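> Please read through the structure below; I'll follow up with questions.
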Amino acid sequence: MLTVAIAVALLPALLGWLPLAVWIGRGRARREGIDLPSAKGLRRARAVDLVVLDRWGTVTTGELRVSAIESFDPDDERNLRWFAGALGHAAEDPVARAVARLSARGKLTSVQRHGGDGISGSVDRHPVRLGRPEWLGMPAREVVGVTVGVQVDARPIGYITVADVVRPDARTGIERLRAAGVAAVLVSDDSERNTRHLAETCGIDAWHAGIARERRDQLIADYRLRGHVVAVATSSGTTSGDLPLSDSTAPPATRQPAGIHLADLDVNRIATAFSLSRSTARTATRARRTGLVAGLLGAGAAVWGLLPALVVAVLGCVAVVAIASAPAYETSRRSRSVTSTSSA
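Add 7 to a position in the sequence shown, counting from 1, and you land on the number used in the numbering used here.
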């Protein structure tokens, strides 16, 4: 009978070692568009103190939009929109895609791409060139964003400026990361002026401009050498850093079991991922300890008989389940509350 009583008493300890908190945390995370990592990844998430944010898709939507249209002659604005937008459909870079939203495709012929300078072609039989102002012999514009010149029938008719679409709650996401003890570093392939403006808009203190994707691994390695535990958020599927953060656009071959996979790289979702990862890891530890303590108390009660051991075991199991469940619910509700407030 004593053996049975002791076996019953140890049930909370056994339950505490089951990954209940991880199962519950992962279920809650999936509802937030987050796939939490393995146990190893959860331990890494607790240690992360710096996250490198790619400009594309984290604090911005990942798209550019037209922010200014300047026609030399007010009567030319309609033509500026039409010809530039129509030719923009023939290119695939982010700037051209933003310009292309100004108009329909039109009848395009003789399209030529001129590297990083721009694109030329015929729109409804009118020769059009769209690209760097210097390439078109036009004065450059020193403004936030990327400004392209437009030339129709060999005559410059104006400028179009496109800029990042900043997420309306990006600053809130950065503040949430900072409150969790995670510093944010913005890495951009854009100019120093544009990168500084984006960082200041979002409340990011550290930023690096003009960093091509192939140079980012070295930058991340430098931060790690300084003693930081680094998470990296990018859709390129990089495997550098201590904790990769990837979204659905990342190549499947680059996704690691120890990383965190998200529906998108919205900085608020990233902040929620860290909150859930850390609370899940802490809760799993607390559940194990609670189960162990309840098991020891139950083993002591087993000396008095099966009934006392059973009572302690039931109470211990209830305590383990309550501890494993409550923090995940609270964290999930808090993250939704913050997101809804910032969106409003």
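Glycine residues also receive a C-beta, built at the ideal position from the N, C-alpha and C atoms.
As the structure is a computational prediction, the values presented were derived from the model and not from experiment.
(1) Going by the beta-carbon positions, is the gap between Val-73 and Ile-181 smaller than 9 Å?
(2) Does Glu-207 pass the burial test, meaning 16 or more other C-beta atoms within 10 Å, or should it be called exposed?
(3) Name, in chain order, the residues that DSSP records as bridge partners for His-215.
(4) Taking 7 Å as the limit between beta carbons, can you name the residues of its chain near Arg-293, skipping five residues before and five after?
(5) The beta strand (DSSP E) spanning Ala-238 covers which residue range?
(6) Could you check the C-alpha separation between Leu-22 and Asp-229 for me, to the nearest Å?
(7) Please report the straight-line C-alpha distance between Ala-20 and Ser-332, rounded to a whole angstrom.
(8) Give the DSSP bridge partners of His-96, in chain order.
(9) How would you label Pro-251, buried or exposed, when you count the other beta carbons within 10 angstroms and need 16 or more for buried?
(10) Does DSSP classify Glu-199 as helix, strand or coil?
(11) Could you tell me which residues DSSP puts in a beta bridge with Ala-77?
(12) Could you say which of Gly-234, Leu-27 and Gly-64 lies nearest to Ala-177 if we only look at CA atoms?
(13) Could you have a look at Glu-84 and say whether DSSP puts it in helix, strand or coil?
(14) Could you tell me the boundaries of the beta strand (DSSP E) in which Gly-302 lies?
(15) Where do the ends of the alpha helix (DSSP H) carrying Ala-51 lie?
(16) Where do the N-terminal and C-terminal ends of the beta strand (DSSP E) with Pro-146 fall, by residue?
(17) Residues in the same chain with beta-carbon distance under 8 Å from Val-15, minus the five sequence neighbours each way, listed in chain order, please.
With the given structure in hand:
(1) Cβ distance not < 9 Å, so Val-73 and Ile-181 don't count as in contact.
(2) Exposed, since its Cβ has fewer than 16 Cβ neighbours within 10 Å.
(3) Paired residue(s): Val-194.
(4) Within the same chain, Ile-330 come within 7 Å of Arg-293 by CB-CB distance, once the 5 residues on both sides are set aside.
(5) Here the beta strand (DSSP E) through Ala-238 covers 237 to 240.
(6) Distance between the alpha carbons of Leu-22 and Asp-229: 43 Å.
(7) Whole-angstrom Cα-Cα distance: 17 Å.
(8) His-96 is not bridged to any residue.
(9) Answer is buried; the Cβ neighbour count reaches 16.
(10) Residue state, collapsed to three classes: helix.
(11) It is worth fixing the name first, because residue 77 is Glu in this sequence and not Ala. For Glu-77, which the question treats as bridged, DSSP gives the partners Tyr-166.
(12) When each option's Cα is compared against that of Ala-177, the closest is Gly-64.
(13) The answer is helix: DSSP assigns Glu-84 an H, G or I state.
(14) Not the beta strand (DSSP E): Gly-302 falls in the alpha helix (DSSP H), residues 274 to 309.
(15) The amino acid at residue 51 is misidentified as Ala; the sequence shows Arg. Segment 46 to 54, the alpha helix (DSSP H) holding Arg-51.
(16) If you look at Pro-146, you'll find it isn't in any beta strand (DSSP E); DSSP assigns it neither H nor E.
(17) Its chain contains Gly-305, Ala-309, Leu-313, Ala-316, Leu-317 and Ala-320 as the residues whose beta carbon lies nearer than 8 Å to that of Val-15, once the 5 sequence neighbours on both sides are disregarded; these appear in chain order.
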